[in-house]
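Each protein sequence line maps, in turn, to chains R and C.
1 is the number of the first residue of the first sequence in the working numbering; add one for each residue after it.
87 is the number of the first residue of the second sequence in the working numbering; add one for each residue after it.
Just so you know, even glycine gets a beta-carbon here, dropped at the ideal spot from N, CA and C.
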Amino acid sequence: SSSGFPVAPETEDEDKNNQLVENYLQHFYNLETDKQSRFKNKNIKTVTEKLKEMQAFFGLKVTGKPDVDTLEVMKKPRCGVPDVGQ
Amino acid sequence: YVLTDGNPKWERKNLTYRIVNYTPDMNPADVDKAIQKAFKVWSDVSPLTFKRIYDGNADIMMSFETGDHRDNSPFDGPNGFLAHAFQPGNGIGGDVHFDEAEYWTKVSNGYNLFFVAAHELGHSLGLSHSTDPGALMYPTYSYIEPNEFHLSQDDINGIQTVYGPSDNSVQPTGPTTPVTCDSKLTFDAVASMRGELLFFKGRYFWRKHPQMTEVDLNFISLFWPNLPSGIQAAYENVERDQVFLFKENKYWVLSGYDLVYSHPKSIYDLGLPKNVKRINAAFNDENSGKTYFFVGNKYWRYDENSRSMDQGYPKKIINDFPGIGKKIDAAFQYGRYIYFFIGTRQFQFDPNVKRVVSVMKSNSWFNC
Numbered sequence: 001s002s003s004g005f006p007v008a009p010e011t012e013d014e015d016k017n018n019q020l021v022e023n024y025l026q027h028f029y030n031l032e033t034d035k036q037s038r039f040k041n042k043n044i045k046t047v048t049e050k051l052k053e054m055q056a057f058f059g060l061k062v063t064g065k066p067d068v069d070t071l072e073v074m075k076k077p078r079c080g081v082p083d084v085g086q
Numbered sequence: 087y088v089l090t091d092g093n094p095k096w097e098r099k100n101l102t103y104r105i106v107n108y109t110p111d112m113n114p115a116d117v118d119k120a121i122q123k124a125f126k127v128w129s130d131v132s133p134l135t136f137k138r139i140y141d142g143n144a145d146i147m148m149s150f151e152t153g154d155h156r157d158n159s160p161f162d163g164p165n166g167f168l169a170h171a172f173q174p175g176n177g178i179g180g181d182v183h184f185d186e187a188e189y190w191t192k193v194s195n196g197y198n199l200f201f202v203a204a205h206e207l208g209h210s211l212g213l214s215h216s217t218d219p220g221a222l223m224y225p226t227y228s229y230i231e232p233n234e235f236h237l238s239q240d241d242i243n244g245i246q247t248v249y250g251p252s253d254n255s256v257q258p259t260g261p262t263t264p265v266t267c268d269s270k271l272t273f274d275a276v277a278s279m280r281g282e283l284l285f286f287k288g289r290y291f292w293r294k295h296p297q298m299t300e301v302d303l304n305f306i307s308l309f310w311p312n313l314p315s316g317i318q319a320a321y322e323n324v325e326r327d328q329v330f331l332f333k334e335n336k337y338w339v340l341s342g343y344d345l346v347y348s349h350p351k352s353i354y355d356l357g358l359p360k361n362v363k364r365i366n367a368a369f370n371d372e373n374s375g376k377t378y379f380f381v382g383n384k385y386w387r388y389d390e391n392s393r394s395m396d397q398g399y400p401k402k403i404i405n406d407f408p409g410i411g412k413k414i415d416a417a418f419q420y421g422r423y424i425y426f427f428i429g430t431r432q433f434q435f436d437p438n439v440k441r442v443v444s445v446m447k448s449n450s451w452f453n454c
């Protein structure tokens, strides 16, 4: 509820967070997973690079790591249209 | 603002829309009104017009869908993705889908249909997500009281880049989002709250912990939907864990983080005279339990314990706070000092020696 001023707890289950991050970047930042990319080329951006792209987009500190602030943004309700690309 | 890749746009200015189905969460008349208002957000600032049709294929078809609804973009149940829309074009182009699994409303609880519809229509018209946190086209949901909603200048610039200026003789303008490290930044009000500092500006506030470097900008309405924008003065009564927020001749009280009641009280209940129309700034002296209200070049002093105004006021600010002129924007006490904000400058005042000991930029707390 909006009265929860101090926000998310500090740490959560690592796997769950990683899954959240990967799903978020796949859906909104064109992260390709191995399964999806039939052509292995060196241009596939890693999760870290995509995470930096997302952090820059939201004006967060660009760490490339799923820190608390980044996870907090990823958990916010939002529009389903991707932030980059189509 | 960001235009959608390839700059897709409607070649006609007069577009049609159709509401294909309804959500059981709202009565249909409220759905119609919310969606009509959402289209008006864009028609007010561009040459576009939108006409509703009731059957057949409209340019923009609007519907409530659940889960996988055959457009390769399944919804995900409550929260998460709230809605999506397709860029201008034939067929599904321009169409808007709302996730029926959300709770849709016309107020602040659940998800406000007007606000989400207005955002999705930005996509229907050729805009992508903006990185401006104050823009309607910012990707995450944040509730704004519909009566206080104004399309931001960023969104206006975006839609006019695609379709040209509005046909109105006077071009519409919108609010811009304040920039944290702007050297010209001024504040409406500043207060402490449970060890943090809140800096109010328009419909926003910055939240800052004195020992941390991060500072983040939020809509006031995101945390307190019933608070207005444009807070003019604020102070914390640390003892009672309450923050008082003033606008015009009214004030609201936060207890902890929660608004105590949604309806404001009158500043005249505090003992201020009727000729005081608004308060410029206020701060509470934790040691003496006295609260200082600054109005123009005068100030009043209120006793929090007896809950009454002290006798012998108003007094002239300059007499008791040498170096502090008039028209104070904001004030707060932190440690030994009182900080007065006047325009882009901040005066650090030492009440023990009754002197300004330092002058800084107003946003010096933001570690720019």
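With respect to the C-alpha of C:Ala204, the residue from C:Glu186, C:Gly250, C:Asn366 and C:Ile146 having the closest C-alpha is C:Ile146. Taking a contact to require three or more Cβ pairs closer than 8 Å, the segment 384-403 of chain C and the segment 355-374 of chain C qualify as touching.
Annotated three-state conformation of C:Ser450 is helix, per DSSP. C:Asp274 counts as buried, since at least 16 other C-beta atoms from the protein chains shown sit within 10 angstroms of its C-beta. The residue among C:Val88, C:Lys126 and C:Ile306 with its C-alpha nearest the C-alpha of C:Leu134 is C:Lys126. Put simply, the backbone Cα of C:Asp371 is about 26 Å away from that of C:Trp310. Taken in chain order, the members of the segment 209-239 of chain C whose beta-carbon sits within less than 7 Å of a beta-carbon on chain R are His209, His215, Thr217, Pro219, Pro225, Thr226 and Tyr227.
Taking a C-beta distance under 8 Å as the contact criterion, C:Asp91 and R:Gly85 qualify as a contact pair. With a threshold of 16 other beta carbon atoms within 10 Å, C:Met223 meets it and is buried. Between C:Phe369 and C:Gln419, the C-beta gap is smaller than 8 Å, which places the two residues in contact. Nearest in C-alpha terms to C:Val265, of all of C:Arg326, C:Pro219 and C:Ala120, is C:Pro219.
No Cβ of chain C is located within less than 8 Å of the beta carbon of R:Asp67. Under the three-state reduction of DSSP, R:Leu51 is assigned to helix.
Within the same chain, and ignoring the five residues on either side of C:Asn449 in sequence, the residues whose Cβ sits closer than 6 Å to its Cβ are Leu271. Listed by position along chain C, the residues whose Cβ is nearer than 8 Å to that of R:Val73 are Thr226. Membership of C:Tyr420 in the beta strand (DSSP E) is indicated by the continuous run Ala416 to Tyr420. Cβ atoms of C:Asn304 and C:Tyr321 stay farther apart than 8 Å, at about 20 Å. Apart from the 5 residues on each side of it in sequence, C:Tyr189 sits with its Cβ closer than 6 Å to the Cβ of Asp111 and Gly196 in its chain, given in chain order. Between C:Tyr103 and C:Asp185, the alpha-carbon positions lie close to 18 Å from each other. Using beta-carbon distances, R:Val81 counts as an interface residue toward chain C, with a partner under 8 Å.
Residue environment: R:Asn18 is assigned as exposed (fewer than 16 neighbouring CB atoms within 10 Å of its CB, all protein chains considered). For R:Lys76, the neighbours in chain C by C-beta distance under 8 Å run, in chain order, Thr226 and Tyr227.
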